[in-house]
Amino acid sequence: MASLDTDFFQHEAGPLTIRLAGRLDGNSAPAFGRRLAEHLSATATGVVLDASGLEFISSAGLRELMTLAKKLRQNQAKAVLAGVTPLVNEVLEISGMNPLFLHAADQTEALRRIADNSDGPPDRLFAGGAKA
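End of the sequence shown sits at 116 in the working numbering; the numbers just go up one at a time, nothing left out.
This is the structure in structure tokens:
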């Protein structure tokens, strides 16, 4: 069973980039959530989640992403998923979570989307359309 590898990188006066590789599931989600809480500051301009190496995501992983989206939304910050694989994208789509995030083909585009002031955070926070 593959685990989750994560790399956190804080850009100077900019977004936090997190590279995910492996499986974000019930075994790895709690540790990921703790690491995320350690690295995420209240002044973060946004988070880029490089999901190009993410092979699988379970409901526990979705919960961590939902928590991240809610925290960023409260701070008027953006969350961008970069390089999402077709399998993970299907899970996000079926779960109704795709609209919680901006999407980008790669990290470069994701960083541009965070810097672009006209490209605000997604309006929808929950599948029913309720806002935080």
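Note that the Cβ used here is the ideal one computed from N, Cα and C, for glycine as well. Being a predicted model, the structure only gives us computed values, none of them experimental.
query: Where DSSP assigns a beta bridge to THR1, which residues make up the other side?
result: Beta-bridge pairing links THR1 to PHE(-7), VAL32.
- prompt: Of the residues PHE(-8), GLY(-2), VAL75, which one's Cα is nearest the Cα of LEU95?
  reply: The candidate whose alpha carbon is nearest that of LEU95 is GLY(-2).
query: Tell me, which residues are paired with LEU38 by DSSP?
result: Within the DSSP secondary-structure output, LEU38 pairs in a beta bridge with GLY6.
task: Can you grab the Cα-Cα spacing for the pair ALA44 / GLU(-4), in whole Å?
output: Each residue's Cα considered, the two are about 31 Å apart.
query: Is ALA66 closer than 7 Å to LEU56 when the C-beta atoms are compared?
result: Annotated as distal: LEU56 and ALA66, with beta-carbon spacing of 7 Å or more.
query: Taking C-beta to C-beta, are ALA13 and GLU39 nearer than 7 Å?
result: Cβ atoms of ALA13 and GLU39: not closer than 7 Å.
- prompt: Which of the three DSSP states, helix, strand or coil, is assigned to VAL64?
  reply: Secondary structure at VAL64: strand, using DSSP grouped into helix, strand and coil.
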